[in-house]
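Encoded as structure tokens, the structure appears first; notes follow it.
In my numbering, the protein residues as written are 428 to 642.
Structure (structure tokens):
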């Protein structure tokens, strides 16, 4: 009888542990994808450990991420690339010192952000810009090829005004995407970058609107 009671106790304990394990798995469910997931870590540079030091977090975010984070980076990279391309034109075509200064500021801010977001996508095992490139599909504020050609042909005061007009629309598109990331994203570093982009580009929009009044 003692042996039977011992067996019963062991079976009861096993059943309790099994139920607890199922509860834990259910609690861990959800739509977020861990950065160390095998499915999303095949193209990483080095480790994808969830305990990555803060100093390298911007390049290899350690927290979980979701589809909104991926879409944000995939769309913002070509969006930033076009802004940098526009800003580079100002170095030889702009006449107004404020336009040149603003363009240099945009280039200096957005080029490192491109590198950061590219690093995230690599760490997550995601493509950098599927179906995107400079086509502008699904990216608000992107210039058309005609707009870019027109800006490339402009010089002096004409360039200054056109640059401000096009960059205002471009910035507003980036702000829209940044707002979406803040409400739908899961990765804290991506959400923080979205906040930074919104704040910086909103200030630049206001600056360019005042600049247009002066030009």
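All C-beta atoms, glycine included, are put in the ideal place defined by N, C-alpha and C.
Just so we're clear, the structure is a prediction, and the values are computed from it rather than from any experiment.
Buried or exposed (CB count within 10 angstroms, at least 16 for buried), residue i
{"i": "residue 579", "result": "exposed"}
{"i": "residue 639", "result": "exposed"}
{"i": "residue 521", "result": "buried"}
{"i": "residue 603", "result": "exposed"}
{"i": "residue 627", "result": "buried"}
{"i": "residue 614", "result": "buried"}
{"i": "residue 633", "result": "exposed"}
{"i": "residue 535", "result": "exposed"}
{"i": "residue 554", "result": "exposed"}
{"i": "residue 542", "result": "exposed"}
Where residue i sits in the DSSP three-state scheme
{"i": "residue 453", "result": "Note that residue 453 has pLDDT 34, beneath the 50 cutoff, so the model's placement of it is unreliable and no number is given."}
{"i": "residue 521", "result": "strand"}
{"i": "residue 514", "result": "helix"}
Nearest-angstrom Cα separation, counted from residue j out to residue i
{"i": "residue 631", "j": "residue 573", "result": "24 Å"}
{"i": "residue 548", "j": "residue 505", "result": "13 Å"}
{"i": "residue 518", "j": "residue 596", "result": "20 Å"}
{"i": "residue 594", "j": "residue 510", "result": "7 Å"}
{"i": "residue 569", "j": "residue 600", "result": "7 Å"}
{"i": "residue 501", "j": "residue 637", "result": "32 Å"}
{"i": "residue 582", "j": "residue 532", "result": "20 Å"}
{"i": "residue 577", "j": "residue 605", "result": "28 Å"}
{"i": "residue 490", "j": "residue 513", "result": "34 Å"}
{"i": "residue 499", "j": "residue 538", "result": "16 Å"}
{"i": "residue 575", "j": "residue 497", "result": "27 Å"}
{"i": "residue 592", "j": "residue 545", "result": "28 Å"}
{"i": "residue 550", "j": "residue 516", "result": "32 Å"}
{"i": "residue 556", "j": "residue 530", "result": "24 Å"}
{"i": "residue 494", "j": "residue 612", "result": "8 Å"}
{"i": "residue 492", "j": "residue 623", "result": "18 Å"}
{"i": "residue 571", "j": "residue 616", "result": "30 Å"}
{"i": "residue 629", "j": "residue 566", "result": "17 Å"}
{"i": "residue 642", "j": "residue 635", "result": "10 Å"}
{"i": "residue 625", "j": "residue 508", "result": "17 Å"}
{"i": "residue 609", "j": "residue 503", "result": "14 Å"}
{"i": "residue 540", "j": "residue 620", "result": "8 Å"}
{"i": "residue 552", "j": "residue 618", "result": "19 Å"}
The segment 584-591 contacting the segment 510-526, beta-carbon criterion three pairs below 8 Å: Yes: the two stretches touch, three or more of their Cβ pairs being nearer than 8 Å.
Residue ranges of each alpha helix (DSSP H) within the segment 542-606, 4 or longer: Counting whole runs of 4 or more residues, the segment 542-606 contains the alpha helix (DSSP H) stretches 572-580.
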